[in-house]
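In our numbering, the protein residues as written are 218 to 311.
Built from N, CA and C at the ideal position, the CB exists for glycine as well.
As the structure is a prediction and not an experimental result, all values here were calculated from the model.
All remarks here apply to the structure that follows.
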Amino acid sequence: MDRKLLDILVCPATRQPLAVLGAPGLAALNAAVAAGTLSRVDGTPQSAPLREALVTHDQRLVYRIDDGIPVLLVEEGIPVGQIADFPRGDAVRG
């Protein structure tokens with residue numbers, strides 16, 4: 218993710234800064250996707266694994282990155298509270 222872009226991106230719901238989600242967080246998300254237990258804010262199941270994602274500063278909401286483009290739509294955010302073993306402190310700022 219381009220550092221300049223990352224510096225200006227914020228969560229559209231909370232206005233918190235976003236950071237790149239690290240490998241342990243992606244692994245936890247993708248395990249939930251594989252188990253069929255991961256849903257977006259709007260209730261739609263997240264059926265495809267994530268290759269990249271951004272996470273809010275408080276690490277409660279994740280936004281996927283599709284083909285290098287952050288999908289910053291509130292309804293498509295993924296609340297991480299539904300993942301019991303989601304690793305905290307797993308964000309990489311720029």
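Original post:
Going by other Cβ atoms of all chains shown within 10 Å of its Cβ, with 16 needed for buried, is R220 buried or exposed?
Top reply: exposed
**OP:** Starting from R277, follow its DSSP beta bridges and name the residues at the other end.
**Re:** R277 pairs with nothing; no bridge assigned.
Subject >> N-terminal and C-terminal residue of the alpha helix (DSSP H) that A230 is part of >> reply: From DSSP, A230 is part of no alpha helix (DSSP H); its letter is neither H nor E.
Original post:
For I300, which residues does DSSP report across the bridge?
Top reply: BP columns for I300 are empty, so no partner.
**OP:** Could you check what DSSP says for A270 in three-state terms: helix, strand or coil?
**Re:** strand
**OP:** Return the residue from the list V227, D259, G242 and S264 that minimises the CA-CA distance to A252.
**Re:** S264
Original post:
How would you write the range of the alpha helix (DSSP H) that A265 sits in, first residue to last?
Top reply: Here A265 belongs to no alpha helix (DSSP H), and DSSP marks it neither H nor E.
Original post:
Should R281 go down as buried or exposed, given a rule of 16 or more other Cβ atoms within 10 Å for buried?
Top reply: buried
**OP:** Using only alpha-carbon positions, find the residue among V227, L226, A244 and T254 that is nearest to P304.
**Re:** A244
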